[in-house]
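First residue of the sequence shown: 253, per my numbering; consecutive thereafter. Following: one structure in structure tokens, then a few remarks.
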Amino acid sequence: MYSLNVRDHFMIAHSFAGEVFGPAQNLHGATYVVDVTFRRAELDDDGLVVDIGRAGEVLRSILAELNYQNLDDRPEFEGQNTTTEFLARAIHGRIATAIHDERLGASARGLDAVCVTLHESHVAWAAYEAAP
């Protein structure tokens with residue numbers, strides 16, 4: 253399996269509902285380092301997993317929509333605990349849409365999997381991986 257990874261970051265504010273979250277029930281900030289790993293069994297006709305430049309641009313544009321936002325105020329997240337795991341899947345969905353819209357080029361439709369990893373700190377992270 254071949255893989256290609258791009259990385260960026262974004263900053264948000266949010267709060268959580270539920271005793272399990274302790275003090276994180278209060279509004280707080282988070283800065284995430286985001287890795288998106290594209291996987292495919294065979295390279296495309298150009299010898300690529302996916303165009304690295306396009307992949308970086310798509311990731312930047314997706315994160316720009318969330319950067320410096322209070323996720324508690326975003327209608328698409330209403331009623332959700334925007335945990336690291338939840339956000340990894342939400343970003344994956346946006347990457348999958350970009351693939352289907354050919355924003356990463358037509359050959360990106362041949363990807364076998366995309367893994368989105370959100371690093372909450374240097375010792376803690378969560379990921380979501382699925383077919384695009």
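Beta carbons are placed, not taken as given, at the ideal position from N, Cα and C, and that holds for glycine.
query	result
For G274 and A342, the rounded distance between their alpha carbons	24 angstroms
Closest residue to I314 among G362, R355, A376 and D303 (Cα-Cα distance)	R355
Secondary structure of D325, DSSP reduced to three states	helix
Residues that DSSP places opposite G281 in a beta bridge	A265
Assigned secondary structure, R306 (DSSP; H/G/I helix, E/B strand, else coil)	helix
Residue span of the beta strand (DSSP E) that contains E381, given as start and end	W377 to A382
Assigned secondary structure, L363 (DSSP; H/G/I helix, E/B strand, else coil)	coil
L323 vs V288 beta-carbon contact at 7 angstroms	no
Cβ contact (3+ pairs, closer than 8 angstroms) linking the stretch 277-286 and the stretch 325-332	no
Start-to-end residues for the alpha helix (DSSP H) that takes in G345	T336 to H352
Which residues DSSP lists as bridging L370, in chain order	V286 and A378
Cβ-based neighbour list, P384, same chain, cut-off 6 angstroms, excluding 5 preceding and 5 following	A348, I351, L363 and V366
Contact set for A340: own chain, Cβ-Cβ below 8 angstroms, skip 5 residues either direction	V368, T369, L370, A378, A379 and Y380
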